[in-house]
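Asker:
Number of protein chains: 4
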Amino acid sequence: MIEPVMKRGFASDNNSGVHPAVMNEILRVNSGHVVGYGDDPFTEMAKAMIREELGSQAEIYFVFTGTAANVLGLAGITKSWNSVITAFTAHIEGDECGAPEKFTGCKVLTVDTPDGKLRPELLKRHMHGIDFEHHSQPAVISVSQASEMGTIYTVEEIRVLSDYAHANNMLLHMDGARLANAAVALGLPFRAFTTDAGVDLLSFGGTKNSMMYGEAVCFLRPGLTQGFKFLRKQGMQLASKMRFISAQYIAYLTDGLWRECAMHSNKMARELEKRLSGIKGVTITQKVQSNGVFLIMPHDVAERLRKEYFFYPWNEQLSEYRLMTSWDTTSDDVEQFAERLNIMLSEK
Amino acid sequence: MIEPVMKRGFASDNNSGVHPAVMNEILRVNSGHVVGYGDDPFTEMAKAMIREELGSQAEIYFVFTGTAANVLGLAGITKSWNSVITAFTAHIEGDECGAPEKFTGCKVLTVDTPDGKLRPELLKRHMHGIDFEHHSQPAVISVSQASEMGTIYTVEEIRVLSDYAHANNMLLHMDGARLANAAVALGLPFRAFTTDAGVDLLSFGGTKNSMMYGEAVCFLRPGLTQGFKFLRKQGMQLASKMRFISAQYIAYLTDGLWRECAMHSNKMARELEKRLSGIKGVTITQKVQSNGVFLIMPHDVAERLRKEYFFYPWNEQLSEYRLMTSWDTTSDDVEQFAERLNIMLSEK
Amino acid sequence: MIEPVMKRGFASDNNSGVHPAVMNEILRVNSGHVVGYGDDPFTEMAKAMIREELGSQAEIYFVFTGTAANVLGLAGITKSWNSVITAFTAHIEGDECGAPEKFTGCKVLTVDTPDGKLRPELLKRHMHGIDFEHHSQPAVISVSQASEMGTIYTVEEIRVLSDYAHANNMLLHMDGARLANAAVALGLPFRAFTTDAGVDLLSFGGTKNSMMYGEAVCFLRPGLTQGFKFLRKQGMQLASKMRFISAQYIAYLTDGLWRECAMHSNKMARELEKRLSGIKGVTITQKVQSNGVFLIMPHDVAERLRKEYFFYPWNEQLSEYRLMTSWDTTSDDVEQFAERLNIMLSEK
Amino acid sequence: MIEPVMKRGFASDNNSGVHPAVMNEILRVNSGHVVGYGDDPFTEMAKAMIREELGSQAEIYFVFTGTAANVLGLAGITKSWNSVITAFTAHIEGDECGAPEKFTGCKVLTVDTPDGKLRPELLKRHMHGIDFEHHSQPAVISVSQASEMGTIYTVEEIRVLSDYAHANNMLLHMDGARLANAAVALGLPFRAFTTDAGVDLLSFGGTKNSMMYGEAVCFLRPGLTQGFKFLRKQGMQLASKMRFISAQYIAYLTDGLWRECAMHSNKMARELEKRLSGIKGVTITQKVQSNGVFLIMPHDVAERLRKEYFFYPWNEQLSEYRLMTSWDTTSDDVEQFAERLNIMLSEK
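Shown next as structure tokens:
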């Protein structure tokens, strides 16, 4: 019998398992027959609970992965001759193996950012050739909240981008794979920095924050979902036993589970930052605003450490690495990791 | 609090829940951190167990849905200018909302069949224009085992098709969403009617037979998987917490769970057939070889019955309906359904 | 120096060359600079001349090939989760190497027909699963006029199909690669059996009837062209020196050139039919209504004849062959071909 | 009757017409029947003449447009999960409305360049995540020769890129829409800076340099063309009357027509540069190495001038404009344009 590996690394917030409360709800709904493909009472309930968070106008569609939520959502609001503008560090650019291009036919245009966050000035290089048929037509601005660098957009920063998008006949998409971490960081309800800040389309994830699988494509502006149910099926993302995704969202949105988990992982990231920033030879490279810590350390030390802990290089040329904390990271995990790094650096 | 609906209908074998043994294994693997995206020991173990069934040469990739297993598998063995030949009743033709065409670019060509099963003679209408650039080039024959009509291919029938495929430089794909029902019906191990019968690519499903989600794309012939891991990711089917799919396959393949569940649902189908065939006004239209029963009954009665039980029309012009039994269908379910139908027909 | 082959076969109406009047107009517009990509006065004029034929509401876009006209036009009026229903013999099904599926993502669904012509009763097998997300949604009925079998729809037959389409929230597409041959056969202006008969989208070809290259995608119903200019460019069909396509349409629509050419090729087909039907061992299999003659003859004779004349088998199992006449076919060509066939048959 | 506009602007090298020698060859091949779709003696001859230039191993496929040549060629050497790296100014990035993404499914990744030319150092930002399934796999480096900025790669610069590509299991594509202008600028035969410099795939254009339509996809390395004929058909780029494209290439490659035309347009660009650089208020921004002149001038003046002459802004933020000369540009055209600009600037 294989036993689970017990060591908690910092590779990704999805190396962790599933929160007991989520698991319990999965068990609870596993009784008897319900209609498949989402026409069941649990799915109705889960969608209602999400609308409670995002506004009653929101239209919710569950899919399996964060990549799917981004790609299908974008497909729903674009034509193949459109472009989507995002940060070079965005998940849709660097971590989805071309899924957006393949499924939507659109171009993904990028801008370099110091911190993973877009600003209107940065977008301007792509805002030309409007109505010129030789050129893909910009249709969507896509932000990640929290960003892939662990940074957080303020409400005002999002509002500036949504205003810019709407003034240019574009829509604003938010990749919310770590939406809970952002909400905790901002100390705000989801709605305040999504619907109320002018976001049109939201990928609302939970897998990185204690769920098992499943993400929600949330259309926050009315009138965008025509035919989307067909697109989801054609995109191979219609779950037959959908109640088990819905159950997870029910648990996630009950008694603030999402907040508790995100608050913890954000706290662990700050502890990690604090502990590492005191180590000579380590440079923290980004503000730690959510559950990611970016640092530069000597390449050889990092590679030695990666034999004991699983984590990813971020920028190999800079010898920059990414550490992600999770809902189940412990202070001991932080302490032991920092201690090992400290020892390795001192041995150098 | 919503309570699960307790009434078991015959709409689909995926209206049922998850077997306790599957659930237990999901719970068991939910401990500590493991590497995401499939590089974990549970996934290794699950793949080894599947290879145990299909042969050591088999290459296994987990995805989320049966549609995805079919579409990505086919994408892996075709070019966009190929065609896939299948029965008009096949899932890839009628129940995937064009996902094969959208993702692969291929044509899906169909033939009419009396029983959902292909035969070489039926394929010939599409076997022309070879090497002629105006015409999509036939590359795959796709069968469903069990078929969508509940019928079963014998080993010999599959062998004839795989020989025909290979003689024409094509490959044979098997949609095995109900593979366990077929194995039970044939009284054979999986391998006997897949690998050993010349099948090249298999979609090996379990969701319809007691699992929660997840399917396995199984390349049974060496040399077909080049780049498939990228295709899976680009196809939005790479699970981050893959251990929870793997756990289900581990349970499914332990102590013959798949057999127990399929044997039961097949048995319930035979009971249903026996009970219904005795009712005046009902005509059974297909051999009941697995867990589906197809019948013609008066349209008005069927529609009345559908208000109480959820099930689908199969051919509206013929007033033909489909009833699917599940691993948790009971003899009481069968009896009560038959009784209600009997009463409705007699009231007519 | 290579000299052109002088022998005129019956392989295809595009084995012929270009009519001198078309060539003259090409020469005439070849003077000085004009704006590229269609913003030139010749293109304006050509589009106006086509609107003269089809109605002032028509929106015209030139592309390079008939396949492109069909595919891009269909892409303009569908979503990827739609289906297009057509005859099994249709060009979009059998002669475009999957271009419709690849570019639109749609399914192409077919029905068997005795004569290449659709009728509402034939379509019904595909008219189900409406609004059911598992199933591609029928959006277009596509007819070929003249059909690939050389047969012609009457105005009334087209009207019945357009009414059926519109009653089912679908649109009617006409592949008019041989539209002129149909007009001549019907003795009607183009408009009578397109716009006025309820056709929504027309591929208006000329290459098979004396032009060099270039086809026109004609949207006959207002409101269908949103974004189409981008789709044409993305579909690689925007001609830089578009004036040379436009010139051809100007010539084609001046002084009834299209009619003269089509009348001639239709007449040659009738001559061919008359001459061949008198030969023992030959069976004409389709009504000769335009410029195609379909016949069954002994396989060995046909293959011998194909060494001298280039023409295509149509249905190899039936030993059925297709002969196409062209604007430049002569009575001598017909006579010599028939004579050779006669001799070969008598030698048998 | 519409008369052609006689004024020659500097908008694009494809606003010009067709060279008489090209037109004569088109006329010459327009006699009698030949087999369609490329199986004709003219196409054989044209391909042989191109192989004469590029090497006997070259495989040639004609298509209609430069966009199609780029897109189909790239599709032939990539999988959908690959990426193509190019300059931000490249035609495939900015001027093809997303056709590469839509047809290939690949990502197009860009780097900023001062002069439109790639160098290995610039590519490194995209050369990571190799074999990592979350990331599109770099497969092609794409250069434009001449570049879209009118600059020219030396043989050595191309060799460095092809070596880099091959060392990284990638291929080198060259967009040769203005290949003749580059050859003239370098004073070298085509082969010296394509096949012999390690280029694997070439889009060999002529439309911008005196032809009417048609481009050649040239695979310069053996083993890359498997299935390409199907891809061309499915890409809607198979010409039925292909002899008319072939005729143009025959003329183009006879008696150095390509050289004569390109030499002239390059010369006119140098004259334009010389004349404009003497005008106060004008700054030439790129080396004039082929037939493009890039300049900064006051926005209001440029807009006034654009009312008389058709030409495009290149970078609106910099008030930078692009002037292209053509095979039929005259010294008078240059003089008059410069004079008008001079007057407008002095009136300012």
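Residue numbers (our numbering), protein chains in the order written: chain E, 1 to 348; chain S, 1001 to 1348; chain A, 2001 to 2348; chain W, 3001 to 3348. Backbone N, C-alpha and C fix where the C-beta goes; we use that ideal spot for every residue, glycine too.
In terms of alpha-carbon separation, which member of Leu3122(W), Gly3055(W), Pro3020(W) lies closest to Cys3218(W)?
Answerer: Taking the fourth sequence and counting its residues from 1, one reaches residue 3218(W) at position 218. Of Leu3122(W), Gly3055(W), Pro3020(W), the residue nearest in Cα terms is Gly3055(W).
Asker: Against chain A, with Cβ distances strictly below 8 Å, would Gly1116(S) count as a contact?
Answerer: For the purposes of this step, residue 1116(S) is taken as residue 116 along the second sequence, with counting starting at 1. Not one chain A Cβ lies under 8 Å of Gly1116(S).
Asker: Comparing the C-beta of Arg8(E) with each C-beta of chain W, is any distance below 8 Å?
Answerer: Working through the first sequence from its first residue, we reach residue 8(E) at position 8. It does not: the Cβ of Arg8(E) has no partner Cβ on chain W nearer than 8 Å.
Asker: May I ask you to report which of helix, strand or coil DSSP gives Asp1300(S)?
Answerer: Numbered from 1 along the second sequence, position 300 holds the residue referred to as residue 1300(S). Helix at Asp1300(S).
Asker: Answer yes or no: do Gly98(E) and Ser3142(W) have a C-beta to C-beta separation smaller than 8 Å?
Answerer: In the first sequence, residue 98(E) corresponds to position 98, counting from 1. In the fourth sequence, residue 3142(W) corresponds to position 142, counting from 1. No, these two residues do not count as a Cβ contact at 8 Å.
Asker: Check whether chain A comes within 8 Å of Gly3036(W), counting only Cβ atoms and requiring the distance to be less than that.
Answerer: The sequence position of residue 3036(W) within the fourth sequence is 36, counting from 1. Closer than 8 Å to some Cβ of chain A, the Cβ of Gly3036(W) qualifies, so yes.
Asker: Would you call Glu3096(W) buried or exposed, if buried means 16 or more other Cβ atoms sit within 10 Å of its Cβ?
Answerer: Here residue 3096(W) corresponds to residue number 96 of the fourth sequence, with the count starting at 1. With 16 or more other Cβ atoms within 10 Å, it is buried.
Asker: Can you list, in chain order, the stretches of the beta strand (DSSP E) that have 3 or more residues and sit fully within the stretch 2124 to 2193 of chain A?
Answerer: Counting only runs of 3 or more, we get 2137 to 2144, 2171 to 2176.
Asker: Just checking, does the stretch 289 to 306 of chain E make contact with the stretch 319 to 330 of chain E on the three C-beta pairs under 8 Å criterion?
Answerer: Enough Cβ pairs lie closer than 8 Å, so yes.
Asker: At the level of alpha carbons, what is the spacing between Met2006(A) and Phe3204(W)?
Answerer: As a working mapping, residue 2006(A) is identified with position 6 in the third sequence. As a working mapping, residue 3204(W) is identified with position 204 in the fourth sequence. Unreliable positioning characterises Met2006(A) in this predicted model, as indicated by a pLDDT of 44, which lies under 50. A coordinate reading is not provided.
Asker: Give the DSSP bridge partners of Glu335(E), in chain order.
Answerer: Residue 335(E) sits at position 335 when you count from the first residue of the first sequence. DSSP lists no partner for Glu335(E).
Asker: For the beta strand (DSSP E) that Thr2065(A) lies in, which residues bound it at each end?
Answerer: By one-based count along the third sequence, residue 2065(A) stands at place 65. No beta strand (DSSP E) contains Thr2065(A), which DSSP labels as neither H nor E.
Asker: Hey, could you find the ends of the beta strand (DSSP E) Cys3218(W) is sitting in?
Answerer: In the fourth sequence, the residue the question calls residue 3218(W) occupies position 218. Segment 3215 to 3219, the beta strand (DSSP E) holding Cys3218(W).
Asker: Counting only beta-carbon atoms, is Glu1101(S) nearer than 8 Å to chain A?
Answerer: Looking up residue 1101(S) in the second sequence gives position 101. So yes, Glu1101(S) belongs to the interface.
Asker: To the nearest whole angstrom, what separates the beta carbons of Met1174(S) and Thr1194(S), a pair I think is in contact under 8 Å?
Answerer: One-based indexing of the second sequence puts residue 1174(S) at position 174. One-based indexing of the second sequence puts residue 1194(S) at position 194. Going by Cβ atoms, the distance from Met1174(S) to Thr1194(S) rounds to 6 Å, so yes, they are a contact pair.
Asker: Using a cut-off of 7 Å between C-beta atoms, extract the partners of Val3071(W) located in chain A.
Answerer: Working through the fourth sequence from its first residue, we reach residue 3071(W) at position 71. Met2236, listed in chain order.
Asker: Nearest to Met3297(W) by alpha carbon, out of Ser3290(W), Asn3291(W), Ser3277(W), Gln3289(W)?
Answerer: The residue labelled residue 3297(W) in the question sits at position 297 within the fourth sequence. With distances taken between Cα atoms, Met3297(W) lies closest to Ser3277(W).
Asker: With Lys2267(A) and Asn2014(A) assumed to form a contact (beta carbons below 8 Å), what rounded beta-carbon distance in angstroms separates them?
Answerer: Sequence index remark: in the third sequence, residue 2267(A) carries index 267 (1-based). Sequence index remark: in the third sequence, residue 2014(A) carries index 14 (1-based). Actually they are not in contact, since the Cβ atoms of Lys2267(A) and Asn2014(A) sit about 19 Å apart, beyond 8 Å.
Asker: Going residue by residue through the stretch 3239 to 3315 of chain W, where are the continuous beta strand (DSSP E) segments of at least 3 residues, counting only ones entirely within it?
Answerer: The qualifying runs are 3292 to 3296, 3312 to 3315.
Asker: Please list, in chain order, all residues of the same chain as Trp327(E) whose beta carbon is under 7 Å from its beta carbon, the five residues on each side excluded.
Answerer: Here residue 327(E) corresponds to residue number 327 of the first sequence, with the count starting at 1. Only Ser16, His19, Asn209, Ser210, Cys261, His264, Ser265 meet the Cβ criterion.
Asker: Which residue comes first and which comes last in the beta strand (DSSP E) that contains Arg3322(W)?
Answerer: The count along the fourth sequence starts at 1 and reaches residue 3322(W) at position 322. Looking at the DSSP string, the run of the beta strand (DSSP E) that includes Arg3322(W) is 3320 to 3324.
Asker: Quick one: is Ser3346(W) buried, meaning 16 or more other Cβ sit within 10 Å of its Cβ, or exposed?
Answerer: Numbered from 1 along the fourth sequence, position 346 holds the residue referred to as residue 3346(W). Burial call: exposed.
Asker: For Gly2094(A), count neighbouring C-beta atoms within 10 Å of its own C-beta (all shown protein chains included) and say buried if the count is 16 or more, exposed if not.
Answerer: Walking along the third sequence from the start, residue 2094(A) turns up at place 94. Buried, since its Cβ has 16 or more Cβ neighbours within 10 Å.
Asker: Applying the 10 Å Cβ sphere with the 16-neighbour rule, what's the burial state of Tyr1252(S)?
Answerer: In the second sequence, the residue the question calls residue 1252(S) occupies position 252. Counting Cβ neighbours within 10 Å, Tyr1252(S) comes out buried, since at least 16 surround it.
Asker: Counting only runs of 3+ residues fully inside the stretch 2071 to 2100 of chain A, write out the beta strand (DSSP E) ranges in chain order.
Answerer: DSSP runs (the beta strand (DSSP E)) wholly in the stretch 2071 to 2100 of chain A: 2082 to 2087.
Asker: Could you tell me which residues DSSP pairs with Phe2204(A) in its beta bridges?
Answerer: Working through the third sequence from its first residue, we reach residue 2204(A) at position 204. Paired residue(s): Gly2176(A), Ala2216(A).
Asker: Examine chain A for any beta-carbon lying closer than 8 Å to the beta-carbon of Lys47(E), and answer yes or no.
Answerer: Numbered from 1 along the first sequence, position 47 holds the residue referred to as residue 47(E). False, the Cβ-Cβ gap to chain A never drops below 8 Å.
Asker: Quick one: list the residues of chain S neighbouring Ser2136(A), beta-carbon separation under 7 Å, in chain order.
Answerer: Reading the third sequence from its first residue, position 136 is the one you call residue 2136(A). Those within 7 Å of Ser2136(A) in chain S are Cys1097, Gly1098.
Asker: Could you give the residue range of the beta strand (DSSP E) that holds Lys107(E)?
Answerer: Start at 1 with the first residue of the first sequence, and residue 107(E) comes out as number 107. Start and end: 107 to 111.
Asker: Please name the residue or residues paired with Glu1059(S) in a DSSP beta bridge.
Answerer: One-based indexing of the second sequence puts residue 1059(S) at position 59. DSSP lists Phe1219(S) as partners of Glu1059(S).
Asker: What did DSSP end up calling Gln3234(W) once you bin it into helix, strand or coil?
Answerer: On the fourth sequence, residue 3234(W) is found 234 positions in, with the first residue counted as 1. Gln3234(W) falls in the helix class under three-state DSSP.
Asker: The alpha helix (DSSP H) spanning Val29(E) covers which residue range?
Answerer: Sequence index remark: in the first sequence, residue 29(E) carries index 29 (1-based). Val29(E) -> alpha helix (DSSP H) spans 20 to 29.
Asker: What did DSSP end up calling Pro2041(A) once you bin it into helix, strand or coil?
Answerer: Within the third sequence, residue 2041(A) is the residue found at index 41, counting from 1. Three-state DSSP puts Pro2041(A) in a helix.
Asker: Since Cys2106(A) meets chain S, which of its residues come closer than 9 Å, beta carbon to beta carbon?
Answerer: Residue mapping note: residue 2106(A) aligns to position 106 of the third sequence, counting from 1. Here the neighbours are Gly1098, Glu1101, Lys1102.
Asker: Specify the secondary structure class of Met1211(S) as computed by DSSP and reduced to three states.
Answerer: Position 211 of the second sequence, counted from the first residue, corresponds to residue 1211(S). Reduced to three states, the DSSP call for Met1211(S) is coil.
Asker: For Thr3151(W), tell me which candidate among Val3334(W), Val3029(W), Ala3269(W) has the shortest Cα-Cα distance.
Answerer: In the fourth sequence, counting from the first residue as 1, residue 3151(W) sits at position 151. Taking only the C-alpha atoms, the option nearest Thr3151(W) is Ala3269(W).
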